[in-house]
Amino acid sequence: MLEIRGLSKSFGGVKATNDVTFDFADGSLTAVIGPNGAGKSTFFNLITGALRPDSGQILLDGVDLAGRSPPEIVRCGIGRAFQVASIFPTLTVQETMLAAVCADQRRAFVLHRRFPLAETRDRAEQVMELLGLADKRNRTAATLSHGDQKLLDIALALVLDPKVLLLDEPTAGMGPEERWRMIGKVRELWEMQKITVVFIEHDMDIVFKIAPMIVVLCYGRILATGTPDAIRNDSAVIEAYLGTEHAGAAA
Amino acid sequence: MTEVQAEPAAEALRAPRVETKSLLSPYRDVLIALTVFAILAALPALSSSKALLDFVIRCAAMGLFATSLNLLVGYTGMISFGHGMFFGLGAYGFGLIMQRTGMPVPLAFAATLATTAVVATIIGSICVRLKEIYFAFVTLAFQMLIHSTILSWSSFTGGDQGLRGGIPRPVFLGIDLSNHVHLYIVSSALLVIGLLAMRQIAQSPFGYTLRMIRDNAMRARFIGIDVWRAKLTIFVLAALFACTGGMVMALFVSGAYPEFAYWTISGEGIFINMLGGVTTFLGPIVGTVLLLLLNDTVTRLTEYYGIVLGIVILFFAIGLKKGLMDFVVEWVAQRRGGAGGRG
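For the record, the sequence lines run as chains A and B.
If you read the first sequence in our numbering, its first letter stands for residue 416, the second for the next number, and so on.
If you read the second sequence in our numbering, its first letter stands for residue 3, the second for the next number, and so on.
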């Protein structure tokens, strides 16, 4: 279980994350929503070690990860994908996967053998199949479509076999149809892999349809948490967020 | 942007590509290395030209140095402007050990490498945390520090006169390095072994870790790679090969001069990499041969050597924006059919 306890982070006078406490149950699928600047990405950056929290705890199965470096946190089992696909442009899809498995198996510093290592193949193959990248294995990452680059980014996190997978806007920059395909994929991964998935999403239709649990952030604080129905009817949420943006944007 | 095997034609070959490559390529590299060594070793028997053998020895010294620089620049994306300090360290270290202790050559060789490893670890642990331009400048600063130390500590290093009086070379294992042909064979062997070792580094899992760091160091951290440690490791490894190049040079000129540790050596290394191209493993070797040929012909024709070299640099940097080997690779890829695979 991933437990966040009193997590806070300020930039100058701005409290980007303000005393956030929440438990992500094992195997849960949670959407994090909130208006622009609500501190969603900061929240992810704190959990993954990209930012050091000012105070608070990040407990993964009881072990506090607050203040540790990204590589350490990744090795503890928290993987992440980025809002803008963060990949290795000159490597092919297959090389990317094989090299990531190497890193996961603590073989990133092996000098006396040739890449790729036989023991990394199965895992790389598995994840490429899972994300539908297998037939693009020899494509250089930079030449992939936007959607495939996002998938490759997720594959990079997934290949490490994380306990918790954080997806920062998996549908960012996608057209309406592609969005649904992508989020369908995310939900499928969650169902098949039995891991804890937390994702940030702007599209309310997607959130209400896909996520069994929703966390609403606003000005760095948790405004509300609950099921889609509870959130939909929460007056504070409607006022702060849905009342202004959603009424016009979605039907 | 790296290495030869990124053929666009690979799309058609599908999955087995990786399989066959991994089975064959280590042996293929060894085979190529042995063939090249055999040809180089046969050269003295075929040609009596001392100048030709000298040329190969110089190529060995500079080629080892430039290829090791490419491990940093091309594979890891660390642009070092001070890599020449390890070339100088190799030349001075080996020369001093031989002059002062007279220990057997292989032992002095190992001792110089060990010393360089220690120095590179210290300098590297300060430099590799720095980003691009700061890394470049601080490595340059350390180079100047070592150069000034050599100049001012004249009782030990000979100052601006360099390490003179020749380097003693006791015979070991029947090899007499004061014999020109013996020196030539040993230099060729060091070149071939050094290249083979660097090729192994480039094609190992660690080599791919380096490529990931070059492409996107932040992402590499988020898949659990200790980027700092990887950078330090390759910094020290590259220093060892540069040091080997310096030792070959010291043996060739039978001494060591402050120029070997001056920043222009680093500049020459960068220039060689630009000439040959950093996207292929052999680019720097091609660049070395080009530069030395250019050097020898131009100095014979005109005293304005610098102007000609400057124009060539500008031509490659601004006009072509690529090294020679990059063109060869593109040309081969195009002949195999299909457009370039790298966008």
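The beta carbon of each residue, even a glycine, is placed where N, CA and C say it ideally should be.
Residue i classed as buried or exposed, judged by whether at least 16 other C-beta atoms fall within 10 angstroms
i, result
"residue 135/B", "exposed"
"residue 312/B", "exposed"
"residue 205/B", "buried"
"residue 1/B", "Nothing in the structure corresponds to residue 1/B, since chain B is present only between 3 and 345."
"residue 323/B", "exposed"
"residue 429/A", "exposed"
"residue 114/B", "buried"
"residue 518/A", "buried"
"residue 567/A", "buried"
"residue 563/A", "buried"
"residue 9/B", "With a pLDDT of only 39 at residue 9/B, under the threshold of 50, the placement of this residue in the model should not be trusted, and no figure is reported."
"residue 571/A", "buried"
"residue 5/B", "Legend: pLDDT at residue 5/B = 41, less than 50; position of this residue unreliable, no value from coordinates given."
"residue 439/A", "buried"
"residue 29/B", "exposed"
"residue 649/A", "buried"
"residue 337/B", "exposed"
"residue 460/A", "buried"
"residue 340/B", "Note that residue 340/B scores a pLDDT of 48, beneath 50, so its modelled location is shaky; the value from the coordinates is reported in the next line. Exposed, since its Cβ has fewer than 16 Cβ neighbours within 10 Å."
"residue 510/A", "buried"
"residue 14/B", "Legend: pLDDT at residue 14/B = 37, less than 50; position of this residue unreliable, value from coordinates given subsequently. Its Cβ having fewer than 16 others within 10 Å, residue 14/B is exposed."
"residue 2/B", "Not covered by the structure: residue 2/B. The range shown for chain B is 3 to 345."
Residue j beta carbon less than 8 Å from that of residue i
i, j, result
"residue 292/B", "residue 269/B", "no"
"residue 48/B", "residue 58/B", "no"
"residue 244/B", "residue 39/B", "no"
"residue 640/A", "residue 629/A", "yes"
"residue 166/B", "residue 257/B", "yes"
"residue 271/B", "residue 149/B", "no"
"residue 545/A", "residue 494/A", "no"
"residue 164/B", "residue 259/B", "yes"
"residue 242/B", "residue 103/B", "no"
"residue 36/B", "residue 186/B", "no"
"residue 455/A", "residue 464/A", "no"
"residue 591/A", "residue 569/A", "no"
"residue 431/A", "residue 633/A", "no"
"residue 496/A", "residue 616/A", "no"
"residue 420/A", "residue 482/A", "no"
"residue 321/B", "residue 285/B", "no"
"residue 230/B", "residue 140/B", "no"
For residue i: DSSP bridge partner residues
i, result
"residue 425/A", "430/A"
"residue 512/A", "DSSP output for residue 512/A lists no bridge partner at all."
"residue 628/A", "445/A"
"residue 501/A", "Answer is none; residue 501/A lacks a bridge partner."
"residue 494/A", "580/A"
"residue 470/A", "423/A"
"residue 640/A", "630/A"
"residue 575/A", "Residue 575/A pairs with nothing; no bridge assigned."
"residue 258/B", "165/B"
Contact set between residue i and chain E, taken where Cβ atoms lie within less than 7 Å
i, result
"residue 226/B", "Looking for chain E here will not work: the only protein chains present are A and B."
Residue i CB to nearest heavy atom of the ligand SAM below 7 Å
i, result
"residue 524/A", "Looking for the ligand SAM in the displayed structure turns up nothing, as the structure carries no ligands at all."
Closest Cα partner of residue i within the set the options
i, options, result
"residue 235/B", "326/B, 70/B, 186/B", "70/B"
"residue 218/B", "464/A, 642/A, 515/A", "515/A"
"residue 98/B", "194/B, 82/B, 248/B, 50/B", "248/B"
"residue 110/B", "250/B, 337/B, 141/B, 281/B", "250/B"
"residue 281/B", "616/A, 559/A, 506/A, 423/A", "506/A"
"residue 261/B", "151/B, 106/B, 274/B, 72/B", "151/B"
"residue 215/B", "60/B, 31/B, 45/B, 76/B", "76/B"
"residue 266/B", "89/B, 62/B, 226/B", "89/B"
"residue 213/B", "61/B, 52/B, 53/B, 73/B", "73/B"
"residue 523/A", "173/B, 51/B, 232/B, 221/B", "232/B"
"residue 246/B", "45/B, 46/B, 44/B, 63/B", "63/B"
"residue 127/B", "51/B, 200/B, 144/B", "144/B"
"residue 87/B", "314/B, 133/B, 122/B, 316/B", "122/B"
"residue 606/A", "422/A, 499/A, 444/A, 426/A", "444/A"
"residue 486/A", "333/B, 335/B, 327/B, 221/B", "221/B"
Point to revise | chain A contacts from the stretch 206-218 of chain B (Cβ-Cβ distance under 7 Å) | key: Taking 7 Å as the Cβ-Cβ cut-off, the stretch 206-218 of chain B approaches chain A at 206, 207, 208, 209, 210, 211, 213, 214, 217, 218, given in chain order.
**Study point:** chain B contacts made by the stretch 472-494 of chain A, where a contact means CB separation under 7 Å
**Key:** From the stretch 472-494 of chain A, only 485, 486, 489, 490 have a Cβ closer than 7 Å to chain B.
Point to revise | Near-chain B residues of the stretch 513-534 of chain A - C-beta to any C-beta below 9 Å | key: Answer set for the stretch 513-534 of chain A: 513, 514, 515, 517, 518, 519, 521, 522, 523, 524, 525, 526, 527, 528, 529, 530, 531, 532, 533.
Point to revise | Chain-ordered residues of the stretch 229-257 of chain B with a beta carbon less than 9 Å from chain A | key: Among the residues of the stretch 229-257 of chain B, those with a Cβ less than 9 Å away from any Cβ of chain A are 229, 231, 232, 235, 239, in the order of the chain.
Check your understanding: At a Cβ cut of 8 Å, what residues of the stretch 498-509 of chain A count as close to chain B, listed as they run along the chain?
Key -> Residues of the stretch 498-509 of chain A with a Cβ closer than 8 Å to any Cβ of chain B, in chain order: 501, 502, 503, 504, 505, 506, 507, 509.
Point to revise | Contact set between the stretch 593-622 of chain A and chain B, restricted to residues whose Cβ is under 9 Å from the partner | key: Within the stretch 593-622 of chain A, no residue has a Cβ that lies closer than 9 Å to any Cβ of chain B.
**Study point:** Within 7 Å of chain B by C-beta, residues of the stretch 538-551 of chain A in sequence order
**Key:** Considering only beta carbons, no part of the stretch 538-551 of chain A lies closer than 7 Å to chain B.
Exercise for review: Taking a Cβ distance cut-off of 7 Å, strictly less, list which residues of the stretch 560-575 of chain A are near chain B, in chain order.
Suggested key: Taking 7 Å as the cut-off between beta carbons, the residues of the stretch 560-575 of chain A near chain B are 571, 575, in sequence order.
Review point. Using Cβ-Cβ distances below 9 Å, what residues of the stretch 448-472 of chain A are close to chain B?
Key: Considering only beta carbons, the part of the stretch 448-472 of chain A lying closer than 9 Å to chain B consists of 463, 464, 465, in chain order.
Practice item. Taking a Cβ distance cut-off of 9 Å, strictly less, list which residues of the stretch 193-206 of chain B are near chain A, in chain order. Key: From the stretch 193-206 of chain B, only 202, 203, 205, 206 have a Cβ closer than 9 Å to chain A.
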